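Numbering (our numbering), first residue to last: 151 to 228.
See below:
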């Protein structure tokens, strides 16, 4: 059980990082430093951005649940 939660935690963390990096930059800053400003005209529609927001939130929730469950299993034993 613990090993399965640890694997899900790692996969969720990697996917969440990828989804966050896929988001369109909202202005200056680090996103435009690496060419984000150039590609902002070529980015997808708002539907794609909304779906990406949903996937990021779902991955964050899965990540948080895995952390809480792993802490509970460690505290109370399995």
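Just so you know, even glycine gets a beta-carbon here, dropped at the ideal spot from N, CA and C.
As the structure is a computational prediction, the values presented were derived from the model and not from experiment.
Across the structure, residue 170 and residue 206 are spaced so that their CA atoms are roughly 7 Å apart. Across the set 153, 165, 157, the C-alpha of 165 shows the shortest separation from the C-alpha of residue 202. Distances from the CA of residue 200 to each of 221, 174, 156 were compared; the closest alpha carbon is that of 174. For residue 200, the secondary structure class from DSSP, reduced to helix, strand or coil, is helix. Of the candidates 215, 226, 222, 223, 215 places its Cα closest to the Cα of residue 159.
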